[in-house]
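Single-structure report; data block below.
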Amino acid sequence: MPPRLTRLLYFAMAANREFADYCCELLSSAGPCVPKRMFGGWGISTGGLTIGIIADLGSGDKLWLKADDATRGVMEAAGCERFTYTSTKNGEAVTRGMNYYSAPEDAMEAPHAMAPWARIALDCALKAKASPAKTRRIKSKPTGKTKMPKVSGAK
């Protein structure tokens with residue numbers, strides 16, 4: 293990679309890290325937050341629970357807060373938008389969503405303004421951890437190889 297391009301990528305990542313650190317400062321009322329690189333964006337967690345993500349869905353990096361069905365109305369009433377993306381299924385575009393909502397604009401100004409939203413995100417993360425995970429069952433395919441158990445005394 294040319295040195296100039298390497299420097300540009302470094303500065304872009306540094307700026308993203310600065311925004312991630314700022315978001316951690318905003319969410320600090322939920323506990324000590326840690327930003328971690330995740331799928332081209334950042335995950336923000338406290339106590340091992342992801343309470344937010346930072347992703348660019350086309351309009352620049354944005355903080356998205358953990359939500360659930362119970363908090364959806366509160367988030368939408370505050371003007372927060374749901375995290376949605378487009379994927380393909382059987383060759384057709386499908387819009388999918390995640391239980392994250394954009395942080396309210398005024399909450400992005402200071403930790404005290406973000407505090408109630410940080411608490412909502414933490415509560416949702418705690419509920420998600422406590423509920424049984426939805427799992428997809430994967431059928432195993434026989435390999436044709438059978439391992440024989442070891443029998444004591446056998447050579």
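Everything in the sequence shown is counted per my numbering, starting at 293 for the first residue and increasing by one. Virtual Cβ for every residue (Gly too), placed ideally from N, Cα, C.
{"Asked": "Pairwise C-alpha distance: Gly371 and Asp361", "Found": "16 Å"}
{"Asked": "6 Å Cβ shell around Phe375 - same chain, five flanking residues per side excluded", "Found": "Trp356, Met390 and Tyr392"}
{"Asked": "Candidates Met367, Lys358 and Asp348: closest to Tyr377 by CA position", "Found": "Asp348"}
{"Asked": "Paired residues, beta bridge with Val326 - DSSP", "Found": "Ser337"}
{"Asked": "Collapsed DSSP secondary structure at Phe311 in the structure displayed", "Found": "helix"}
{"Asked": "Three-state secondary structure assigned by DSSP to Gly332", "Found": "coil"}
{"Asked": "Pro327 vs Ile336 beta-carbon contact at 7 Å", "Found": "yes"}
{"Asked": "Alpha helix (DSSP H) runs contained entirely in the segment 361-422, provided each spans 4 or more residues", "Found": "364-369 and 403-422"}
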